Amino acid sequence: MPTPAENNPLPPGNPGPASKPDAPGDYRNHLATADQEGRRLWVYPRKPAGRFYRARTYVSWILLGIMFMGPFIRIRGNPLLLLNVIERKFIILGNIFWPQDMILSAVTLLIFVTGILIFTAAFGRLWCGWTCPQTVLMEMVFRKIEYAIEGDAGAQRQLDRAPWSPGKVFKKTTKHLVFFGLSFLVGNTLLAYVIGTEKLFMIVTDNPATHHTGLTFMVLFSVLFYAIFARFREQACTFICPYGRHQATVMDENTILVAYDYKRGENRAPLHRNQSAPERKASGQGDCIDCHQCVAVCPTGIDIRNGTQMECVNCTACIDACDAVMEKTNQPRGLVRFASLNGIERGESLRFTPRLAAYCIVLSGLIGLWLFLVFTRSDVEATVLRAQGALFQQMPDGRFSNLYTVRVINKTSHPLPIELKLEEPAGQLQVLGHELLVPGEKLVETSLLIELENTALKHGTTPVRIGVYSGPRKISTVKTAFIGPRNDTPQ
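Just add 78 to wherever you are in the sequence shown, counting from 1, and you've got our numbering.
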């Protein structure tokens, strides 16, 4: 069975020796994927198998289906998700959000972050191992292709150490061509979430000379994902992603995570032939037979028996590997399992701690605010401002008039006829020029004239309320001011 040193040789093509096993406690002084001099240690995880791996596979099918079909799913004619940062246009579940809705977007982001904090405080980094796009694509797509082309961990290790031959060239070329093709597909899918499928198809089918920017982003996304999945791999989680580094501020002794039951497993010792469980216990040996199978399957190269570590993504591969060994040695499963520190030390189950309660209160408040903003959000946003430099005018019949500039933004994807009505005080409102028909996702600006009787005017400035209607439905109310003569006593 492979040792930790065999599981962490130097990168392919480097003739140097493999790393030595960590001394007790030394694992905290350096990353599992780097030696003491900081050189990269290539990880060859053995192909996992077991009940958790099967469950992760089923979950990954669902997530990958949502990811690749997401840009093509339409709700009321709009994409399921669009994050067009360039045009500052965001579509979530078919609803269009613009910069005017940034408070709603900010609250949505806060709900997501708070939800992650609560989930992490209760269940550790389950997000990383089961639903993170990096992990799902790496372990459930690219890694499986690598197993299919180059074989399991031992075969990959031998292939990398072997001299170049036609067979090695064929396998390596095939793998990297498939990797780049998949990276191109992933990159284009991500680009579709940014610019939309219509523009993506235009870039793909039109003359490349007319879409330099789109093609540049397409190539950059493809190269980026190829570099991540072909070379960078687990270092994207350990070096770049801040989530693993911040987990220590959220988790406590009650957090459920992938843990090694040291009370049951220690002291570790190999299993001798015909040695019974009572004999092991009588000699002071634990259930761990020191087979290193939990290390061999770890995609980040750590030893879960060293305790909670930043690199652990809770992928459960070590649980499946250890359970298989326990079954073969006629011992109960669960030496490595989902548990909390208090669960292992005291046998406690997950407790609803005051910190979790505080998180839930904050999350409930944010969700309430989000619902209020969603239900009070208008499809049309109108602003009415007095025309710059224009003064009030007195009409021949004695009434006074003010000229305004009105801007109407249609947040929907279909055209809306807009009608403005003066609600307070009594008077006349006239839209100059054509009727207001605002195209979908567009802004229309025009001029507006309001006429008021002298008796309706207050001292200097008179508050005015204007109703914004689309057909019989009132959308919103706009407030502005009417400037008139400074009459102390209205006539």
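We put the CB at the ideal spot given by N, CA and C, even for glycine.
A quick note: this is a predicted structure, and the numbers were derived from the prediction, not measured.
Excluding the 5 residues flanking it on each side, L188 has same chain C-beta neighbours closer than 6 Å at L444, in chain order.
For the pair of segments examined, the segment 268-279 was found not to touch the segment 238-245: the number of CB pairs separated by less than 8 Å stays below three.
Of all alpha-carbon atoms in R239, C210, T267 and F303, the one lying nearest the alpha-carbon of H254 is that of F303.
Counting C-beta pairs with one atom in each stretch, the segment 389-397 and the segment 197-216 have three or more that are closer than 8 Å, which means they touch.
Under DSSP, the beta-bridge partners assigned to Y547 are E497 and K552. Shown here, E513 sits in coil according to DSSP, grouped into three states, outside any helix or strand. Contact between I174 and E519 holds: CB atoms are separated by about 7 Å, below the 8 Å threshold. In chain order, V373 place their CB closer than 6 Å to the CB of D381, counting only its own chain and leaving out the 5 sequence neighbours on each side. DSSP, read as helix, strand or coil, puts N345 in coil. Distance check between F190 and each of V462, C438 and L494 places C438 closest, using alpha-carbon atoms only.
Counting every other CB atom within 10 Å of its CB across the protein chains shown gives P320 a total below 16, marking it as exposed. About 6 Å separates the beta carbon of S418 from that of E331, a gap short enough to meet the 8 Å contact definition.
Take E228, set aside five residues on each side of it, and the residues of its chain with a beta-carbon closer than 7 Å to its own are Q234, L237, K249 and K253, in chain order. When secondary structure is reduced to three states using DSSP, E276 falls in the helix class.
In the DSSP assignment, G505 is bridged to L530. Taking the CA atoms as reference points, P493 sits about 7 Å from L515. By the 16-neighbour rule on beta-carbons within 10 angstroms, I281 is buried.
In the three-state DSSP reduction, S354 falls in the coil class, being neither helix nor strand. If you check the CB distance, C376 and T213 do not come in under 9 Å. Listed in chain order, the beta strand (DSSP E) elements of length 3 or more contained wholly in the segment 106-175 are 159-162, 167-170 and 173-175.
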